[in-house]
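Just so you know, the sequence shown maps onto residues 1 to 226 in the numbering used here.
Have a look at the structure below, then the notes.
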Amino acid sequence: MKPSQVITAHNGCLHLDVTVEGRSAHAAWHRTGVDALEASVQIMSALYHYRETLEEQCSLYPGVSSPSLVIGTIEGGINTNVVPDRISFSIDRRIIPEESPELVERELRDLIGSLKLQEGIKVSVVQRLLAAPFTSTPLSEELADIFAMEGQKVFGESVAKGAMPLYTDARHYSEAGIPTIMYGAGPRNPLEANGHRADERVPVKLLTEAALVVASSLQKLLGKSH
């Protein structure tokens, strides 16, 4: 099991809540209503088609790959025999470091707004979260080099520097001008730790060794500052 790498960059993330409103009707006379679910299917199909185009973009940061999009939740309808008058669903759009978060949001809003939906359908889009990507700087790369070097001493093998497709609070420190990296205990591949799954875990050996890496890196860093 390879030790975790030193992270110098990660994706940003946009969460949008989409609400589609129509008009309810008895299922036996469905044409007297305006089906919000039918319109939602049209919107979601367009979003999934858009997702396929994201693979054409590729980040220069190793480990980030391409932007992604997931429709994470959907709810609506009141009964099987009633035309649904309201559907809501949520979008998770991961933003690679080379993208502009504001332009990504505008792109999605324009896509949804451009669709020709059934008359009587009303669509609203609300931003729930917009997290900017975390990118490296010369000073953060220097800090990462120290951790990678000390990690090699502890683990007896090279410790890589890279990026991750998730997002964290590290971006806030970086935006404030603080040289920022991410490093902790765990395998290099989060899937080996069952990340965000049942029995998420970190081997005790890696926990101990990562603590040694942090301690020796801080010692070297503080010694260098004197």
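We treat Cβ as the ideally placed atom computed from N, Cα and C, and that holds for glycine.
Fair warning: this is a prediction, and the values are worked out from it, not measured in the lab.
Over what stretch of residues does the alpha helix (DSSP H) that includes residue i continue unbroken?
i	result
Glu38	36-53
Glu175	170-175
Asp17	Taken as a continuous stretch (DSSP letters only), Asp17 belongs to no alpha helix (DSSP H), being part of the beta strand (DSSP E) at 12-21.
Could you check the C-alpha separation between residue i and residue j for me, to the nearest Å?
i	j	result
Pro97	Val214	26 angstroms
Leu166	Ala131	11 angstroms
Ile78	Ser24	9 angstroms
Gln57	Ser100	13 angstroms
His226	Ser216	Note on His226: pLDDT 48, under 50, position unreliable in the model; no value is reported.
Val6	Leu108	32 angstroms
Glu119	Val34	8 angstroms
Tyr50	Leu14	15 angstroms
Ser124	Ile74	15 angstroms
Gly156	Lys2	11 angstroms
Thr80	Met164	43 angstroms
Ser136	Gly22	46 angstroms
Leu207	Leu139	26 angstroms
What do you get for residue i, buried or exposed, if any count of 16 or more other CB atoms within 10 angstroms of its CB means buried?
i	result
Ser114	exposed
Tyr183	buried
Arg31	exposed
His26	exposed
Ala198	exposed
Ala36	buried
Arg106	exposed
With a Cβ-Cβ cutoff of 7 angstroms, do residue i and residue j count as a contact?
i	j	result
Leu221	Ile146	yes
Ser90	Asp17	yes
Val20	Ala39	yes
Val202	Ala193	yes
Ile95	Val104	yes
Gly162	Pro62	yes
Leu54	Ser65	no
Ala148	Val159	yes
Gly76	Ile87	yes
Ala185	Thr8	no
Pro133	Gly12	yes
Ser174	Thr168	no
Asp92	Val70	yes
Ile121	Ile43	no
Val154	Glu102	no
At what residues does the beta strand (DSSP E) containing residue i begin and finish?
i	result
Arg128	122-131
Lys116	First-last for Lys116: undefined, no H or E at that position.
Met164	161-164
Can you tell me whether DSSP reads residue i as helix, strand or coil?
i	result
Arg86	strand
His30	helix
Val101	Inspection of the sequence shows that residue 101 is occupied by Pro rather than by Val. Note: Pro101 maps to helix in three-state DSSP.
Ile71	strand
Val64	coil
Thr208	helix
Val214	helix
Ala144	helix
Ala193	helix
Ile112	helix
Gly156	coil
Arg201	coil
Arg93	strand
His226	Confidence at His226 is low in this model, with a pLDDT of 48, below 50, so its placement is unreliable and the value that follows should be read with caution. Note: His226 maps to coil in three-state DSSP.
Gly76	strand
Pro187	strand
Measuring from the CB of residue i, is there a heavy atom of the ligand GDP at a distance below 6 angstroms?
i	result
Leu207	Of the ligands one can find in the structure shown there are none, so the ligand GDP has no counterpart to examine.
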